[in-house]
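J.: Protein chains in written order, with UniProt numbering: chain A, 1 to 240; chain B, 1 to 240. Beta carbons are placed, not taken as given, at the ideal position from N, Cα and C, and that holds for glycine. Structure provided below as structure tokens; questions to follow.
There are 2 protein chains.
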Amino acid sequence: MFMDRLLANRRGVNLTDAERALLEGIISEVRTIEARQTLIHAETKVDVSTMLIEGIMSRYIDDRRGLRQLVAVHVPGEFVDLHAFPMKRLDHSIGTLTAATVAIVPHAALKEVIDPRPELARKLWFSTLIDAAMHRAWLFRVGRLDAVGRVAHFLCEMNARLQAVGLSDGHRFALSLTQADIAEICGLTTVHTNRVLRQLREAGLCQMRASLVEIIDLAQLIRRADFDPRYLYLDPVAPT
Amino acid sequence: MFMDRLLANRRGVNLTDAERALLEGIISEVRTIEARQTLIHAETKVDVSTMLIEGIMSRYIDDRRGLRQLVAVHVPGEFVDLHAFPMKRLDHSIGTLTAATVAIVPHAALKEVIDPRPELARKLWFSTLIDAAMHRAWLFRVGRLDAVGRVAHFLCEMNARLQAVGLSDGHRFALSLTQADIAEICGLTTVHTNRVLRQLREAGLCQMRASLVEIIDLAQLIRRADFDPRYLYLDPVAPT
DNA sequence: TTCGGTTATTAACATTGATTATGACGATTT
DNA sequence: AAATCGTCATAATCAATGTTAATAACCGAA
């Protein structure tokens, strides 16, 4: 089933089969959504959360002029807005980048499943904290790296995360994002993102054609990006 | 007692007196620490968390060359690294910016208090999610704002957070940070931070002398910073 | 009080990345 | 087939920010 990979790229979370089944049991609806749709606008109240089954989704903040900064992207298997369960209203918006399939989980049902199970509660808490760790890595990326480093760092991250759910072989993966998307992730303009991708290509580090990313020299790319994957918590660590 | 302001600037969290007392009861130690000490190095295992009673602390990520990007600052009343409770090892380091007084809480005791109390667990979860919301606002800041906007945004944030714990009157507050600190927060160099502060001063928006910040024209500063305080969740919202 | 360190300030210069514009290309639509 | 639209590509220009370096102001210690 599609739930097989639920939180599979968050090994620290490490759901048991029983817990996985519990979560699967409270799905109220499975929907498919077109690319580039906004699901949840910032500051609106929500009482459901969204698990991503297929496609890529994003979380973003708009400025006054309509420019946006992506603050997270999500790959299949991830709980996109579990944050909304304790928070009820979000400070950011949520939308699709590609066409996507999602499972909807009502907060009321989630509460019933979690409340008597502190272990499960802590695993889900942990999962949201990995999102926070990614935010921090993204802060490092835009705050301390130059344009080439930022794009390289992002590609390293996606490679690692997609590999963890079986969607990258460690060197090649489909990434259906436009250069404009990457610009909004890295805090760059689309024009400069294009230049940077050319530089990475000409330096023989990696290339991105259409929606296929090919990493030519992973070690060098990691080095150029100052990338340390530990923030992704992909290695097994038992929570509490 | 010093615990009066525990999580007081996180109204969504809204601890009851009983909960506050419970948390106070599991403090194993109260320490004072000098300015600019590292408490916890990234990637080391921890089994305690830290509540900040007095002073300013930071969380930061180092790059390979020794430059650092601050990913969070904490003001009195905040749980600095509650993240470490579910995570056990952190992706970032924690240290003091000013001299500080902290209360240490062992995770084992925290677990005993939390496990039978899903409401309290959710409040503490919520508190860590506010940290994540701040990370996102910081991402917006460094990814989408220019240098003046970044510094203005940071000052607006500190003003709002300090006011919530009674350490700002809404226009003036002590902020014992150097320009180099602000540079590491905003992803700028110290030289440029100095330039930006001068611009803010000359534009009549705010001034920072020694460790005192004076906001002259709050409305304009907020506008220049594209600052929307809702991400701080300072207004009362009941969790779940 | 001087001394030595930290912090703030400023200038000159170098560089990155933003801005603006324009064209190519392929996929859709008409 | 023509027109349209989204994406990619590239060039020229320029403003914002980084770099380096030198000095001034401040502050605590002796």
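1) With respect to the alpha helix (DSSP H) encompassing LEU97 of chain B, which residues constitute its N-terminal and C-terminal limits?
2) Using the rule of at least 16 other Cβ atoms within 10 Å of the residue's Cβ for burial, across every protein chain shown, is LEU167 of chain A buried or exposed?
3) Can you round the beta-carbon distance between MET134 of chain B and TYR231 of chain B to whole angstroms, since I take them to be within the 8 angstroms contact cut?
4) For a test of the three-state rule: what should DSSP assign to TYR60 of chain A, helix, strand or coil?
5) Give the residues of chain A in contact with PHE227 of chain B, contact being defined as C-beta atoms less than 9 angstroms apart.
6) Do you know offhand how far LEU6 of chain A's Cα is from ALA121 of chain B's?
7) Please identify, using Cβ separations under 7 angstroms, the residues of the UniProt domain "HTH crp-type" (145-219) of chain B that lie next to chain A, in order along the chain.
8) Does DSSP classify LYS127 of chain B as helix, strand or coil?
9) Under the assumption that CYS206 of chain A contacts LEU155 of chain A (Cβ atoms under 8 angstroms), give the Cβ distance between them as a whole number of angstroms.
10) Taking the continuous beta strand (DSSP E) assigned at ILE33 of chain B, which residues delimit it?
11) Would residue 244 of chain B pass as a contact of PHE79 of chain B if the rule is Cβ separation under 8 angstroms?
12) Do you know how far the Cα of HIS74 of chain A is from the Cα of VAL13 of chain A?
13) Would you call the CB atoms of residue 247 of chain B and ARG136 of chain B closer than 8 angstroms?
14) Could you compute how far the alpha carbon of ARG117 of chain A sits from the alpha carbon of GLY77 of chain A?
15) Taking the beta strand (DSSP E) that ALA174 of chain A falls in, what are its first and last residues?
16) For PRO229 of chain A, which beta-bridge partners are listed by DSSP?
17) So, is GLU184 of chain B buried or exposed, given that buried needs 16 or more other C-beta atoms within 10 angstroms?
18) State yes or no: is the beta carbon of MET1 of chain A nearer than 8 angstroms to at least one beta carbon in chain B?
19) Chain A partners of GLY143 of chain B, CB-CB under 7 angstroms?
20) Please state the DSSP three-state secondary structure of VAL46 of chain A.
21) Roughly how many angstroms separate the alpha carbons of ALA21 of chain B and LEU175 of chain A, rounded to a whole number?
22) Label ARG209 of chain B either buried or exposed according to how many other C-beta atoms from any shown protein chain fall within 10 Å of its C-beta, with 16 as the threshold for buried.
23) Less than 7 angstroms between C-beta atoms, sequence neighbours within five positions excluded: which residues of the same chain meet that for PHE85 of chain B?
24) Quick check on this structure: which residue in A:ALA225, A:TYR233, A:PRO229 and A:LEU234 has the alpha carbon closest to the alpha carbon of ARG65 of chain B?
25) Could you tell me the alpha carbon to alpha carbon distance between PRO229 of chain B and GLU214 of chain B, rounded to whole angstroms?
26) Residues in the same chain with beta-carbon distance under 7 angstroms from ALA103 of chain A, minus the five sequence neighbours each way, listed in chain order, please.
27) Measure from the C-beta of ASP81 of chain B to each C-beta in chain A and report whether the shortest distance is under 8 angstroms.
28) Just to confirm my understanding: we take HIS92 of chain B, look at its own chain, exclude 5 residues before and 5 after, and list those with CB closer than 7 angstroms. What are they?
29) Would you list the residues sitting across from LYS103 of chain B in a DSSP beta bridge?
30) CB LEU188 of chain B to CB GLN69 of chain A, shorter than 8 angstroms?
31) For THR38 of chain A, which three-state DSSP category applies?
32) Check whether chain A comes within 8 angstroms of residue 245 of chain B, counting only Cβ atoms and requiring the distance to be less than that.
33) Scan the stretch 116-169 of chain A and note each continuous alpha helix (DSSP H) run of 4 residues or more that stays entirely inside, going in chain order.
34) For the stretch 23-43 of chain B, enumerate the residues whose C-beta is nearer than 8 angstroms to any C-beta of chain A, in chain order.
35) Got a sec, what are the start and stop residues for the alpha helix (DSSP H) GLU24 of chain A sits in?
36) Please classify ARG198 of chain A as buried or exposed, where buried requires at least 16 neighbouring CB atoms within 10 angstroms.
T.: On the basis of the data shown:
1) Residue 97 of chain B sits at position 97 when you count from the first residue of the second sequence. For LEU97 of chain B, no alpha helix (DSSP H) encloses it, and the DSSP letter there is neither H nor E.
2) Taking the first residue of the first sequence as 1, we reach residue 167 of chain A at position 167. Sixteen is the threshold: when 16 or more other Cβ atoms of the shown chains lie within 10 Å of the Cβ of LEU167 of chain A, as they do, the residue is buried.
3) Start at 1 with the first residue of the second sequence, and residue 134 of chain B comes out as number 134. Start at 1 with the first residue of the second sequence, and residue 231 of chain B comes out as number 231. At roughly 7 angstroms, the Cβ-Cβ gap stays under 8 angstroms, so MET134 of chain B and TYR231 of chain B are in contact.
4) Counted from its first residue, the first sequence places residue 60 of chain A at position 60. In the structure shown, TYR60 of chain A sits in a strand (DSSP, three-state: E or B).
5) The residue labelled residue 227 of chain B in the question sits at position 227 within the second sequence. Around PHE227 of chain B, no beta-carbon contact reaches into chain A at under 9 angstroms, the shortest distance being about 10 angstroms.
6) By one-based count along the first sequence, residue 6 of chain A stands at place 6. By one-based count along the second sequence, residue 121 of chain B stands at place 121. One C-alpha to the other measures close to 23 angstroms.
7) Listed in sequence order: GLY187.
8) Residue numbering aside, residue 127 of chain B sits at position 127 when the second sequence is read from its first letter. According to the sequence displayed, residue 127 of chain B carries Ser and not Lys. Look at SER127 of chain B here: in three-state DSSP terms it is helix.
9) Numbered from 1 along the first sequence, position 206 holds the residue referred to as residue 206 of chain A. Numbered from 1 along the first sequence, position 155 holds the residue referred to as residue 155 of chain A. About 6 angstroms separates the two Cβ atoms, so the contact holds.
10) The count along the second sequence starts at 1 and reaches residue 33 of chain B at position 33. 29-33 is the extent of the beta strand (DSSP E) around ILE33 of chain B.
11) Given that chain B is displayed from residue 1 to residue 240, the structure contains no residue 244 of chain B and the question cannot be resolved.
12) One-based indexing of the first sequence puts residue 13 of chain A at position 13. One-based indexing of the first sequence puts residue 74 of chain A at position 74. C-alpha separation (whole angstroms): 16 angstroms.
13) The question about residue 247 of chain B has no answer, for chain B in this structure spans 1 to 240.
14) Taking the first residue of the first sequence as position 1, residue 117 of chain A is located at position 117. Taking the first residue of the first sequence as position 1, residue 77 of chain A is located at position 77. Here the C-alpha atom of ARG117 of chain A lies approximately 22 angstroms from the C-alpha atom of GLY77 of chain A.
15) Here the question's residue 174 of chain A lines up with position 174 in the first sequence. Segment 172-174, the beta strand (DSSP E) holding ALA174 of chain A.
16) Locating residue 229 of chain A in the first sequence gives position 229, where the first residue counts as 1. None, per the DSSP bridge assignment.
17) Numbered from its first residue, the second sequence carries residue 184 of chain B at position 184. Classification for GLU184 of chain B: buried.
18) Numbered from its first residue, the first sequence carries residue 1 of chain A at position 1. Confidence is the limiting factor: at MET1 of chain A the pLDDT is only 46, short of 50, which leaves the residue's position unreliable and the question unanswerable from this model.
19) For this step, residue 143 of chain B is matched to residue 143 along the second sequence. Neighbours of GLY143 of chain B on chain A, chain order: GLN69, VAL142 and GLY187.
20) In the first sequence, counting from the first residue as 1, residue 46 of chain A sits at position 46. For VAL46 of chain A, the three-state secondary structure derived from DSSP is coil.
21) Numbered from 1 along the second sequence, position 21 holds the residue referred to as residue 21 of chain B. Numbered from 1 along the first sequence, position 175 holds the residue referred to as residue 175 of chain A. For ALA21 of chain B and LEU175 of chain A, the distance between alpha carbons rounds to 50 angstroms.
22) Looking up residue 209 of chain B in the second sequence gives position 209. With fewer than 16 neighbouring CB atoms inside 10 Å of its own CB, ARG209 of chain B falls in the exposed class.
23) Translated into the one-based positions of the second sequence, residue 85 of chain B becomes position 85. Cβ within range, chain order: SER49, HIS107 and LEU110.
24) Taking the second sequence and counting its residues from 1, the one referred to as residue 65 of chain B is at position 65. Considering only A:ALA225, A:TYR233, A:PRO229 and A:LEU234, the residue with the shortest C-alpha distance to ARG65 of chain B is A:ALA225.
25) Within the second sequence, numbered from 1, the residue matching residue 229 of chain B stands at position 229. Within the second sequence, numbered from 1, the residue matching residue 214 of chain B stands at position 214. Spanning the alpha carbons of PRO229 of chain B and GLU214 of chain B requires a straight line of approximately 19 angstroms.
26) Indexing the first sequence from 1 puts residue 103 of chain A at position 103. Excluding residues within five positions, the ones whose Cβ falls inside 7 angstroms are ILE27, VAL30, MET51 and ILE53.
27) Against the second sequence, residue 81 of chain B aligns to sequence position 81. Cβ-Cβ to chain A under 8 angstroms: no for ASP81 of chain B.
28) Position 92 of the second sequence holds residue 92 of chain B. A distance below 7 angstroms between beta-carbons, with the five flanking residues on each side excluded, links HIS92 of chain B to the following residues of its chain, in chain order: ALA42, ARG59, TYR60, ILE61 and VAL71.
29) Taking the second sequence and counting its residues from 1, one reaches residue 103 of chain B at position 103. In the sequence as presented, Lys is not what sits at residue 103 of chain B; that position holds Ala. DSSP output for ALA103 of chain B lists B:VAL30 and B:MET51 as bridge partner(s).
30) By one-based count along the second sequence, residue 188 of chain B stands at place 188. By one-based count along the first sequence, residue 69 of chain A stands at place 69. No; because the gap between Cβ atoms is not below 8 angstroms, this pair is not in contact.
31) Counting from 1 along the first sequence, the entry for residue 38 of chain A is found at position 38. Reduced to three states, the DSSP call for THR38 of chain A is strand.
32) In the structure as shown, chain B starts at 1 and stops at 240, and residue 245 of chain B therefore has no counterpart that could be examined.
33) Within the stretch 116-169 of chain A, the complete alpha helix (DSSP H) runs of at least 4 residues are 118-144 and 147-164.
34) The stretch 23-43 of chain B vs chain A, Cβ under 8 angstroms: GLU43.
35) Your numbering for residue 24 of chain A matches position 24 in the first sequence. 17-25 is the span of the alpha helix (DSSP H), which, as asked, contains GLU24 of chain A.
36) By one-based count along the first sequence, residue 198 of chain A stands at place 198. So ARG198 of chain A counts as exposed.
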